[in-house]
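A quick write-up on the structure given underneath.
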Amino acid sequence: MNDNSDKVILAGGSGFLGRLLAPWFGRRDREVVVLARSPQVVAGAVRGVVWDGATLAEWWKELNGAAAVINLAGRSVNCRYHARNRRAILDSRLNSTRVIGAAIGRCDRPPPVWLNSSTATIYKHSFDQPMDEATGIIAGTREAKDEFSIEVATAWERTFEEARTPATRKVAMRTAMVLGLEPATVFRVLRRLTHLGLGGKLGSGRQYVSWIHEHDFCRAVELLIEPADLSGPVNLAAPHPLPNREMMQILRQVCGVLFGLPAARWMLEVGAFFLRTETELILKSRRVVPRRLLAAGFEFEFPDFRAAATELEQRLRCIAAGPVQLENSSLPCAAAQRAARGGDLMEKRP
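Note that our numbering has the sequence shown beginning at 1, numbered continuously upward.
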């Protein structure tokens, strides 16, 4: 930690992950600065500063003396991969990484740690081999149609590695899909499909799904910025990835839905075309495991999908039910309402 500051910089922090991390660190008595093109008006320990994700400007001074900088910038991959979108996806990642490296280079008190987003998609499409940071294979697979994603991921990490920041420890966060409660995020979309009776297997159902609960994601990021020797790539994923077929079955059970229509690959291809997205996002098999996090002593509060989905579903239902008298509510509902009022995402269980 930098003795002169408890400030955490969230570059590109206006998206889903930034909206998780900003209040998380704010509740831990840290000053949080969100760098964004159009920063929202925020209060308390969180404030916004304008940046364009590509050029140096006055924002770089925020990094001087900060405790940590976390780069979350990058155009969403939930789109069709035509030429214009491919260029935007690649440029948004490489340019933001380069300019943060340049900003750190200007600091006379550089942040001691820089966490840069990467992706668990960097690993090869695999059904049988768990992919950790030491033994995972980095390669595209025609079957998964992921060649472009691998190109982006490897260029992103290469740009990060090339940044000259000798006084700053660097960690590439290879993050799996984060399960949370925000509308239009993965859990909410799958939950809605399930309630519509469309929660069957997707494609063959054999493809592995790697994921992490939003609470464990924030806890893992907090661990990574503490004083440690941990640097290089770190997988942010729960320790138990599971096949899509099993995941959808568990989700139906958690949601109380008896039946879910399956979707064949050709149906997904048609649907992806009309939804302006790519089937890779749901058909690639990502069997990613967090070897380095576990070796560092990290204990997941939600290591398996059933526990994660149950907590999220329970919290959604409690929040939707509105205020209740605490003496007439169960502990989980009381915890959910405290979370809705700005408390931790999940109260620690006894």
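Ideal Cβ placement from N, Cα and C applies to all residues, glycine included.
Starting from the N-terminal side, write out each stretch of the alpha helix (DSSP H) that is 4 residues or longer and does not extend beyond the region 242–307.
-> Counting only runs of 4 or more, we get 244–255, 265–275, 280–283 and 291–295.
Flag this pair as touching only if the region 164–172 and the region 79–86 have three or more C-beta atom pairs under 8 angstroms; answer yes or no.
-> The region 164–172 and the region 79–86 do not touch, with fewer than 3 CB-CB distances between them shorter than 8 angstroms.
Can you tell me whether DSSP reads residue 211 as helix, strand or coil?
-> As a first step, residue 211 must be located in the sequence shown, where it is residue number 211. For residue 211, the three-state secondary structure derived from DSSP is strand.
Go through its chain and collect everything with a Cβ distance to residue 327's Cβ below 8 angstroms, but skip five positions before and after it.
-> Mapped onto the sequence shown, residue 327 falls at position 327. Annotation note: pLDDT 38 at residue 327 (below 50); position unreliable, coordinate value reported separately. Answer for residue 327: no residue qualifies.
Are three or more beta carbon pairs between the region 176–191 and the region 207–221 nearer than 8 angstroms?
-> The answer is yes - the region 207–221 touches the region 176–191, with three or more Cβ pairs under 8 angstroms.
Kindly indicate which residue of 14, 15, 194 and 21 has the alpha-carbon position closest to the one of residue 216.
-> Stepping through the sequence shown from its first residue, residue 216 is reached at position 216. With distances taken between Cα atoms, residue 216 lies closest to 21.
What residue does the beta strand (DSSP E) around residue 55 start on, and which one ends it?
-> Counted from its first residue, the sequence shown places residue 55 at position 55. Careful: residue 55 lies outside any beta strand (DSSP E) and carries neither H nor E.
Closer than 7 angstroms by C-beta to residue 300: which residues in its own chain qualify, once you throw out the five before and the five after it? Chain order, please.
-> Residue 300 sits at position 300 when you count from the first residue of the sequence shown. Only residues of its own chain outside the window of five on either side were considered, and among them 216, 238 and 239 have a CB closer than 7 angstroms to the CB of residue 300, listed in chain order.
If you drop the 5 nearest sequence neighbours on each side, which residues of the same chain put their C-beta closer than 6 angstroms to that of residue 177?
-> Stepping through the sequence shown from its first residue, residue 177 is reached at position 177. Here the set comprises 186 and 211.
Return yes when the C-beta of residue 87 is under 6 angstroms from any heavy atom of the ligand NAP, and no when it is not.
-> Among the ligands in the structure shown, none appear at all, so the ligand NAP cannot be discussed.
Identity of the residue in 15, 68, 249 and 298 nearest residue 30 by Cα | The residue you call residue 30 lines up with position 30 of the sequence shown. Comparing Cα-Cα distances from residue 30 to each of 15, 68, 249 and 298, the minimum goes to 68.
Are the region 69–79 and the region 9–29 touching by the rule of at least three beta carbon pairs closer than 8 angstroms?
-> Flag = yes, the region 69–79 and the region 9–29 touch.
For residue 101, the three-state DSSP class (helix, strand or coil) | Position 101 of the sequence shown, counting from 1, holds the residue named residue 101. Correct three-state label for residue 101: helix.
Let me know the alpha helix (DSSP H) ranges lying completely inside the region 76–144, each 4 residues or longer, listed in chain order.
-> Contiguous alpha helix (DSSP H) elements confined to the region 76–144 occur at 83–106, taking only those with 4 or more residues.
Is it a yes or a no for the region 246–257 touching the region 113–128, going by three-plus beta-carbon pairs under 8 angstroms?
-> As far as the Cβ criterion goes, the region 246–257 does not touch the region 113–128, which means the pair count is below three.
What is the DSSP secondary structure of residue 168, counted as helix, strand or coil?
-> Counting from 1 along the sequence shown, the entry for residue 168 is found at position 168. Under the three-state reduction of DSSP output, residue 168 falls in the coil class, being neither helix nor strand.
Below 6 angstroms CB to CB, which residues in the same chain sit around residue 51 once its five sequence neighbours on both sides are set aside?
-> On the sequence shown, residue 51 is found 51 positions in, with the first residue counted as 1. Apart from the 5 residues on each side of it in sequence, residue 51 sits with its Cβ closer than 6 angstroms to the Cβ of 35 and 59 in its chain, given in chain order.
Identify whether residue 227 lies in helix, strand or coil by the three-state DSSP scheme.
-> Translated into the one-based positions of the sequence shown, residue 227 becomes position 227. Residue 227: coil per DSSP, three-state reduction.
Residue closest to residue 229, alpha-carbon to alpha-carbon, out of 168, 86, 136 and 89 = Here residue 229 refers to the residue found at position 229 when the sequence shown is read from its first residue. It is 168 whose Cα lies nearest to the Cα of residue 229.
Apart from the five residues just before and just after residue 243, which ones in its own chain have a Cβ nearer than 8 angstroms to its Cβ?
-> As a position in the sequence shown, residue 243 is number 243, starting the count at 1. If we look at residue 243 and ignore the five residues flanking it on each side, its Cβ neighbours are 205, 206, 207, 208 and 209.
Is the number of C-beta pairs between the region 148–155 and the region 85–96 that are closer than 8 angstroms three or more?
-> Three or more Cβ pairs closer than 8 angstroms define a contact, and the region 148–155 meets that threshold against the region 85–96.
Around the C-beta of residue 325, are 16 or more other C-beta atoms found within 10 angstroms, so that it is buried, or is it exposed?
-> If you number the sequence shown from 1, residue 325 lands on position 325. Annotation note: pLDDT 40 at residue 325 (below 50); position unreliable, coordinate value reported separately. Counting other Cβ atoms within 10 Å of its Cβ, residue 325 stays below 16 and is therefore classed as exposed.
Decide if the region 157–164 is in contact with the region 296–314; the criterion is three or more beta carbon pairs, one per stretch, under 8 angstroms apart.
-> Two segments are said to touch when three or more pairs of C-beta atoms, one from each, lie closer than 8 angstroms; by this definition the region 157–164 does not touch the region 296–314.
Inter-residue Cα distance where the pair is residue 138 and residue 129 | Translated into the one-based positions of the sequence shown, residue 138 becomes position 138. Translated into the one-based positions of the sequence shown, residue 129 becomes position 129. If I take the Cα positions, the gap works out to 12 angstroms.
Indicate the three-state DSSP secondary structure (helix, strand or coil) for residue 194 in the structure shown.
-> Counting from one through the sequence shown, the residue named residue 194 turns up at place 194. Helix, per DSSP.
Tell me whether the beta-carbon of residue 302 lies closer than 7 angstroms to the beta-carbon of residue 247.
-> Along the sequence shown, one-based indexing puts residue 302 at 302. Along the sequence shown, one-based indexing puts residue 247 at 247. No, they are not a contact pair.
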